[in-house]
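Written out below as C-alpha cells is the structure these notes cover.
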Amino acid sequence: MDNSGAIRILYWNPGGVADKTAPLRLLAQSHDVHVILLGETKLRPTSTFRMQNFIVYRRDEVSPRGWPYRGTAALVRRDIVHDELPHPDFEELRAIGVLVKMAGREAKLFAGYRPPSPRFVRTDLINIFDGSTPTLLAGDLNAKHHAWGSRVINPVGSRLLQDAESSGLTVLGPDSPTHIPSNPRYSADVLDIVVHQHLNCPVNIEVLYDLDSQHLPILVMLALAAVAVPRRSLSARTDWAAYASMMEETIPLGGLSTPEEVEQATRLVMERIESTREATTTIYAPRSRRPELPARLSQDISHKRALRRLWARTRCPVLKTRLNALTAQVSEAVKTWRGETWESVIDRAFERATDLHALTRALQRTPIPTYPLLDEQGRRRFAPQDRAEIFADHLEVQFKPHPVPADISDETREHHQHVENTATEFLSRPPEPLGGEAFISPAEVRTAVLLLPRRKAPGCDGIPTEALRCLPRRGCATLARLFNGILRTSHFPDVWKTGKVVMLPKPGKDRRLPTSYRPVTLLSHVAKLFERLLLRRLAPCIETRTVQFGFRSGHSTTLQLARMLHHLANEWNHERSTVAVFLDIEKAFDRVWYAGLIFKLINSKTPPAIVQLVASFLHGRDFYVSVELTTSQKRTISAGVPQGSCLSPALYGFYTDDIPTLVGSLHPWERDVTLALYADDSAFFATSRNEDVAARRMQRMLDLLPAWLDKWRMAVNVGKTAALLVARRRHSAEILQLRGQEIEWKTSVKYLGVHIDRSLSMAPQGEHAINQTRTVRALLRPVLSSKLPLRTKIGVYKTYLRSRLTYAAPAWYALCSATTKKQMQIQQNIALLCTGAGRFVRNDVIARDLGVDSVGDFVAMSARRMFDCADNSSHTHLHGIASLHARPPDHEIRGPLKLTPRDLIRPD
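Numbering (my numbering), first residue to last: 5 to 912.
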C-alpha cells in the first residue's frame with residue numbers, strides 16, 4: 005500500500021453474511037478496501053466465514069433457542085499490520101474492533117450494531133471511546149437525527165447527539181440514505197453512521213450502490229495511511245547462458261597462503277559472481293495475479309450501480325423490475341467469469357508440475373496476520389524497522405552461552421577454566437599443514453555444485469544456487485583454489501560469517517511476542533558449498549554413538565521411531581513396564597559453548613588444522629534480522645552452531661555425544677537405560693517388571709544429568725520435559741525430578757512428530773493423522789473437484805494427503821487397532837471419490853482401477869523398503885534393527901500381544 009494514500013474502510017449491515025461473501029469480495033476488490041466492518045452477520049460460532057486476502061475477526065451471538073442473530077465482524081486486509089482489540093463490554097451496542105497505526109499514531113476501528121430499542125446506554129460508548137487514542141466506530145446504531153442527515157429524529161438520536169457534544173465525539177453521516185426499504189411505503193433514511201474522536205484528518209463518507217440489500221454499504225476514507233507490508237513489485241530474470249560465458253574469464257587469486265590473502269580472494273570471487281549475475285539479469289514488473297474483470301462485465305456493473313442509485317431516489321417500480329433483472333444477469337455473469345478464471349488457473353497449473361505444486365501450496369497456506377510486536381516496555385511497535393530491532397535484541401540474548409550457575413562445584417568451575425585455557429592455547433598455535441588427500445579438486449567441487457538444491461533462498465550476498473550450478477569448468481577450478489586456500493590457512497572468511505535471519509511464526513503462539521517466532525538463518529551458498537566439502541573431511545573423525553539418528557545418511561525419524569516403538573512393544577509383551585523421559589534441551593543449537601566444542605574436537609581424531617578451521621568457522625559470526633524490506637543493525641553471536649549450515653548438526657551431535665547413561669553404576673542384575681537421540685530430541689527408557697523399580701532407575705539417570713549439563717554449560721527445560729509410563733497396569737509411578745523440579749507424567753507424548761500413548765494403542769496418532777488429512781482435503785477441494793486428469797489428481801492425493809495420513813506409519817501402524825486402520829482407509833476412500841465414480845461402484849474397485857494400494861498395503865510396502873535399506877546399509881548397527889523376537893505364548897500373557905513394526909512384513 006502506498007504510504008501517501010488513505011485508508012479505506014467499508015461498513016455494511018448485510019442482514020446475514022453467510023451467503024453474501026462473493027459480492028462482498030468483489031466490492032472490496034473494486035474499491036481497494038483495507039478494512040471491512042460488518043454488522044448483523046448472523047453467523048453461528050461453528051460456521052465458517054472466510055474471504056480471500058482478508059483476516060477475519062468475529063463476535064457471534066446466538067439466541068436462547070440456538071439461532072444465530074446480530075453479531076459483528078472486522079476483516080483486515082492481509083498486508084495491513086494490525087492487532088485485534090479485546091471485546092468491549094456492552095448492554096445494547098454490539099462492537100468488535102482492530103488496532104492499526106496511521107501517521108505515527110495508533111487508531112482503533114470498531115464495527116458496531118445497536119438493535120432497535122428506545123433504550124440508549126451511554127456506558128457502551130464510554131467503553132469504546134476511552135482514552136486519547138484516535139477511535140472510529142462505524143455501524144447501524146438505529147439513531148436518527150438531522151445533524152447527520154437523517155430524515156427524522158428519534159429519541160436515541162437525540163441522546164446520542166447530546167452525549168457526543170458533551171464527550172467531544174463527532175458523528176457523521178453520508179449525504180444520501182443508507183437504508184432503503186424494499187416496501188415503497190417506507191421512506192429511505194440514514195441509519196449507518198460514523199462516530200469518531202481524536203481523528204486529526206479529513207473523514208469522507210460515500211454510499212455505495214453495488215450490493216443488493218436494504219442497507220447500502222458505506223465507504224469511509226481517512227486521509228492517513230496505515231502501516232502495511234510492502235508488496236513486491238519487481239522480479240528478475242537472469243540469462244544464465246550469458247552468465248556462464250562471462251564467467252569463463254580467469255579470476256586472479258594469488259598464492260592464498262595467509263588469512264589476509266584468503267579474505268581478499270573471497271571478496272574478489274564473490275564480487276565477480278554477483279556483478280556478472282547482475283549484468284545478465286533483467287528487472288521487470290510481473291503481471292498481476294489478480295484477474296481483471298472483462299470490459300463488458302465492468303460496464304454492466306457500472307450500469308447496475310447507476311440504476312440502483314436512481315431507484316433509491318425515485319423508488320419507481322419499473323426501475324426496480326429492470327434493476328432486479330440486471331442484478332440477476334450480473335450475478336450469473338460474475339459466477340461464470342470466476343468459474344472460467346479458475347479453470348484457466350487449473351489448466352495452466354496442469355501444464356507444469358511446478359505450477360501445480362505452487363497452486364496446491366497456496367491453497368494449503370492459511371492467511372497469517374502481521375501483528376505489531378511488544379517491546380521491553382510493553383509498547384506496540386508497528387514499523388518494520390522497530391520490529392526488526394526487537395527481534396535482533398531477542399536473538400542476541402539467545403545466541404549466548406548458558407550462564408554459569410553460582411552454586412556449581414569447584415570441580416566444575418576448574419573444568420571450565422581448564423577447557424578455556426586449553427582451547428585458547430591450542431588456537432594460538434600456527435596452523436599445521438594438511439595432507440594432500442585433504443585438499444579439494446575441481447571435479448569434487450563440480451559434483452558438489454550439482455547436488456545443491458535449486459530452490460533455496462540466497463543469503464545476504466544475494467547469490468542463488470543457480471549461479472553456482474551454471475559456473476563453467478574454469479569457475480569451478482577457481483572455487484577449488486579458493487577452498488584449498490582456506491584449508492591451507494585454516495581461516496574461514498569473515499564475509500561468509502554474516503547470517504540473514506528471517507522470523508517465522510510458531511503455530512498457536514502469541515504473535516505479539518518475539519519468543520513466538522522461529523528464526524531461519526540464510527547463509528551464503530558459496531560458503532555452504534565449502535561447508536559440504538569440509539563435512540566430508542570432518543565426519544569420519546567425529547563419529548557419534550549409534551543411537552544418534554539425526555542428520556546421518558541411512559538414518560531417519562521413521563527408523564528411530566521403529567526402533568523405539570519396537571522396544572516398548574517387546575517389553576509390553578513380556579509384561580515389563582517402561583518409564584520414558586523425553587528431554588527438552590533448552591536452546592540446544594543456539595547456545596553451544598565454543599570452548600567446550602573446540603576442547604572435544606582437540607581430544608578427537610580430527611586433524612589440528614581442521615579443528616582450527618572449525619574454530620575460525622564459529623568465532624566472529626554476526627547476524628541481522630530482515631523484516632519486510634528493512635533490516636536491523638548487525639549483532640554479534642557468541643555461542644551456538646550456525647543455523648542453516650550442514651556442519652551444525654554434526655558438530656552438535658558430537659558435542660552432546662557423551663550424554664551420560666547408567667554405565668558404570670549398574671548392579672549386576674540391572675539393565676542400562678535405553679537411549680534414543682535425533683539431533684536435540686533426547687529420550688531415555690528404563691524397563692522393569694515393577695513400575696516403581698523402573699522409575700527409581702530412571703531417577704538415578706536423571707540425577708547424573710545436572711553434573712554433565714553444568715560441565716558443558718547446557719540446560720534442560722524441565723517444564724517442557726515429559727515422562728510416560730508404558731505398562732499394562734494403570735499404575736501411577738513415583739514422582740521423577742530433575743534439578744529439584746518435578747517432571748510431569750503424561751498420558752501421551754509427541755516425539756519426532758508422532759503421538760505415543762501409554763497404552764501403545766497409537767489412537768492419538770491415528771486421530772492426528774486423520775484430522776490433518778481432513779483439513780488438507782478440504783483445502784485442496786478446488787483441485788480435487790476440478791477437471792484435471794485423474795492421473796494428476798491421484799498425484800495430488802499421494803503427495804499432499806497420503807503423505808500426511810501415513811507419516812512414519814511403518815513405525816506405528818502395526819500397533820493401531822482395527823478401528824483406527826479402518827478410519828484411515830476411509831479417508832483414502834473419500835479422497836478417491838474425486839474420480840466422479842457413481843455411488844454404486846465399490847471403493848476397492850475404484851482403488852484397483854486407479855492403481856492405488858490400500859493404506860495397509862502401502863504402509864507394509866514402505867516398511868519393507870525401509871527395513872531392506874537398513875539391513876543392507878553400510879552402517880552395521882542398522883542391520884536387523886527392530887528385529888522380531890520370540891514372543892511368549894498367549895496363555896502366559898494377560899491381554900493381547902502388541903505387534904512390532906517388522907510384523908508388517910512378516911510372511912503369512
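Even for Gly, the Cβ is constructed at its ideal location relative to N, Cα and C.
Predicted, not measured: the structure shown is a model, and the values here were computed from it.
| query | result |
| --- | --- |
| Closest residue to G657 among T725, Q703, T548 and C650 (Cα-Cα distance) | T548 |
| One or two residues paired with W749 in a DSSP bridge | A727 |
| P68 versus F593: straight-line alpha-carbon distance, rounded | 54 Å |
| L42 Cβ short of 7 Å to the ligand ATP heavy atom set | Among the components modelled here there is no ligand, and therefore nothing to report on the ligand ATP. |
| Spatial neighbours of L28 in its chain, beta-carbon cut-off 8 Å, leaving aside the 5 residues before and after | W16, P18, V21, I40, M55 and L215 |
| Per-residue DSSP class, three states only, for Q741 | strand |
| Coarse secondary structure for H772, derived from DSSP in three states | helix |
| 8 Å Cβ cutoff met for G799 and R717 | no |
| Distance, V758 Cα to A699 Cα | 23 Å |
| At least 3 beta-carbon pairs within less than 8 Å: the segment 820–828 vs the segment 769–788 | yes |
| Contact belief for F114 with L141 at Cβ below 8 Å, rounded distance in angstroms | 4 Å |
| Separation of I909 from T751, as counted between CA atoms | 29 Å |
| Integer-rounded CB distance, given that A484 should sit under 8 Å from I444 | 5 Å |
| Reduced DSSP secondary structure (H/G/I, E/B, other) of N7 | Residue confidence for N7 is low, a pLDDT of 41 falling below 50, so the modelled location carries little weight and cannot support an answer. |
| Same chain, Cβ closer than 6 Å to L708, five either side skipped, listed in chain order | P664 |
| I11 burial status per 10 Å Cβ neighbour count (16 or more: buried) | buried |
| Whole beta strand (DSSP E) elements within the segment 177–240, 3-residue minimum | 196–201, 207–211 and 222–226 |
| Inter-stretch contact at 8 Å, needing at least 3 Cβ pairs: the segment 827–836 / the segment 519–538 | no |
| Distance, D661 Cα to V722 Cα | 21 Å |
| Assigned secondary structure, Y682 (DSSP; H/G/I helix, E/B strand, else coil) | strand |
| Inter-residue Cα distance where the pair is R473 and L533 | 11 Å |
| Where S620 falls, given that 16 or more other Cβ within 10 Å makes a residue buried | buried |
| Boundaries (first-last residue) of the beta strand (DSSP E) holding T502 | T502 to P509 |
| CA-to-CA distance, L47 to V156, given in whole angstroms | 32 Å |
| Of the residues V85, T678 and E96, the one placed nearest R74, counting alpha carbons only | E96 |
| Cβ neighbour criterion (16 or more within 10 Å) applied to N577 | buried |
| Backbone CA spacing between V954 and I412 [nearest angstrom] | The structure shown does not extend to residue 954, since the chain is modelled only from 5 to 912, so the question has no answer here. |
| Contact check, A77 vs G101, beta carbons under 8 Å | no |
| Contained beta strand (DSSP E) runs [length at least 3] in the segment 256–292, N- to C-terminal order | 285–288 |
| V194 vs W152 beta-carbon contact at 8 Å | yes |
| Length of the line joining the Cα atoms of E65 and L764 | 42 Å |
| Nonlocal neighbours in the same chain, by C-beta distance under 6 Å from P290, ignoring five residues either side | S239 |
| Burial state of S692, where buried means 16 or more other Cβ atoms lie within 10 Å | buried |
| Status (buried if at least 16 other CB within 10 Å, exposed otherwise) for Y288 | exposed |
| Reference G503, options S432, T469, F555 and L622, closest by Cα | L622 |
| Beta carbon of T562 nearer than 8 Å to that of A812 | yes |
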